[in-house]
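Let me begin by presenting the structure, written as structure tokens, before commenting on it.
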Amino acid sequence: MALFGNRKKKKHDSRSVPNLPNVDFVLSFLTLGMFVGDMLLLARMGSNVLVELITMMLCTAVCITCCKLGFPHIGRALSTSDALKKPRNLRKFSDQSWQLMVHAGMTWYEIGIFRENGWEWWTDTRTLWRPLQHESESSLADLRRLYLAQLGVWFITAFSHKFVEAKHNDYFVMYGHHVATIGLVSLSLFNGWDRLGLVIMFLHDSSDIVVDILKMTNYLGLDSESGLFLAEACFAINLVTWPILRMWYFPMKAMRSSLPLSWGWGDYPYELESLMSFANACRGLLVVLLVMHCWWYFLFLRILARLIKGNAGHDAGREYEGSSDSMAEEGAANVASIQQQIAAEYGVPGCEQRLIFGGQSLEASELLGACRVTKVELAVLKFYKVDSNDKMARLRCECPHEVCGPGVFMAVHFNRCCCGTCHLTYLIKEHEK
7 MALFGNRKKK KHDSRSVPNL PNVDFVLSFL TLGMFVGDML LLARMGSNVL
57 VELITMMLCT AVCITCCKLG FPHIGRALST SDALKKPRNL RKFSDQSWQL
107 MVHAGMTWYE IGIFRENGWE WWTDTRTLWR PLQHESESSL ADLRRLYLAQ
157 LGVWFITAFS HKFVEAKHND YFVMYGHHVA TIGLVSLSLF NGWDRLGLVI
207 MFLHDSSDIV VDILKMTNYL GLDSESGLFL AEACFAINLV TWPILRMWYF
257 PMKAMRSSLP LSWGWGDYPY ELESLMSFAN ACRGLLVVLL VMHCWWYFLF
307 LRILARLIKG NAGHDAGREY EGSSDSMAEE GAANVASIQQ QIAAEYGVPG
357 CEQRLIFGGQ SLEASELLGA CRVTKVELAV LKFYKVDSND KMARLRCECP
407 HEVCGPGVFM AVHFNRCCCG TCHLTYLIKE HEK
């Protein structure tokens, strides 16, 4: 059982990353704006603070590079199948490896800060919005290092998510989550709500460790009996830890602390500010994050429901990750084999077929993996085949490539078929008269 799409045959089509350029622009603009704003505010705190942030970002970049160079070798040694032979899976495994290292390191550091203060900052939510006053110098220094490290990591993560990592089905939700988290960390840092930010960062980092391990075991093919059911075990653990940390402790700690004591449930020690205030902006971002947490857990439950119904794990997992890679990245199929499948399924001889991949015509001896594909928006069309008597018969055409498999239908028009998932196009030549 591969939970996130490692196997070849896929029963149903997954939705690709939505084409929302305006949303992408807004999120990128907000990220850039917060980066510039944070740099200016940190510069006012002292040039040494700004230098420390830049150093943290450079260290994060070095950590990412080292993980991407080293973890593929570790993964190949641990993998029980040929899962990492696919470039897509290897890239995803490398992307997840550095995130695991960051989340584990941050969680360890955050636990150290909590322990240094007797866990009071975790247990007493009435203090989360109060400025630090009587804390030790070491606690203040640790908090500042943590915040600068988190800002450096989140800015690097947002950049990597935008330009480097493979895009999944939840691309915009994840991008929005990065922006909201950067906003919360920045607001808590510059307004003296250090304890609140510490709680938020701890809940996110600790819960992400399980998700990272789940994805990595899945990419390694450590599922079913051959993989000691490690992927299944991680998935079950995630179904428990995610709602506890992100859907129970998050509202009970962070959100409860933002509501006034006079309301009877909250722990906020002051009266509510005016509508246009940093505190209300922080409250709004907390609500946004909680909605995203619930949405992701809904996707996990959909995967569970499909598994219970007997669907293969890799089909269910596509609900979460989507299919964002072009077939050029895993196209080891020969063009002639595609033509043979078309001939077998639709009765169209290979001599009457012409395959086009990424706008270029292919020869029967070529490999699809040798082509580079640029995605093109396609209209939903109809397909007809013209026989020797000039009669047109409509066909419902499935993509013949093994990456897609049964259930993935092509956009079609007359003698042209285009797959919106892997972007393969083929034409049926008209008979010469």
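Numbering (the numbering used here), first residue to last: 7 to 439.
Cβ atoms here follow ideal geometry from the backbone N, Cα and C, with glycine treated the same way.
CA-to-CA distance, residue 238 to residue 247, given in whole angstroms: 14 Å
Run through DSSP, which three-state label would residue 266 get? strand
Would you kindly check if the distance between the Cβ of residue 85 and the Cβ of residue 441 is under 8 Å? In the structure as shown, the chain starts at 7 and stops at 439, and residue 441 therefore has no counterpart that could be examined.
What are the start and end residues of the alpha helix (DSSP H) that includes residue 301? 284-314
Could you name the residues of the same chain whose beta carbon sits closer than 8 Å to that of residue 272, not counting the 5 residues immediately before and after it, in chain order? 262, 263, 264, 265 and 266
I'd like to confirm the pairing. Which residues does DSSP put opposite residue 274 in its beta bridges? 266
Given a cut-off of 8 Å on the beta-carbon distance, is the pair residue 73 and residue 103 in contact? yes
Consult DSSP for residue 228 and reduce its assignment to one of helix, strand or coil. coil
Specify the secondary structure class of residue 72 as computed by DSSP and reduced to three states. helix
Spatially closest choice to residue 5 from 153, 182 and 241, by CA coordinates: With the chain represented from 7 up to 439, any question about residue 5 goes unanswered, as that position is not in the structure.
State whether the stretch 119-137 contacts the stretch 192-205, with contact taken as three or more CB pairs (one from each stretch) at a distance under 8 Å. yes
When you compare the CB positions of residue 211 and residue 109, do they come within less than 8 Å of one another, or not? yes
Rounded to the nearest angstrom, how far is the Cβ of residue 245 from that of residue 306, given a contact under 8 Å? 6 Å
Can you look up residue 128 in the DSSP assignment and give me helix, strand or coil? helix
Can you tell me whether residue 276 is buried or exposed? The criterion is at least 16 other CB atoms within 10 Å of its CB, across all chains shown. exposed
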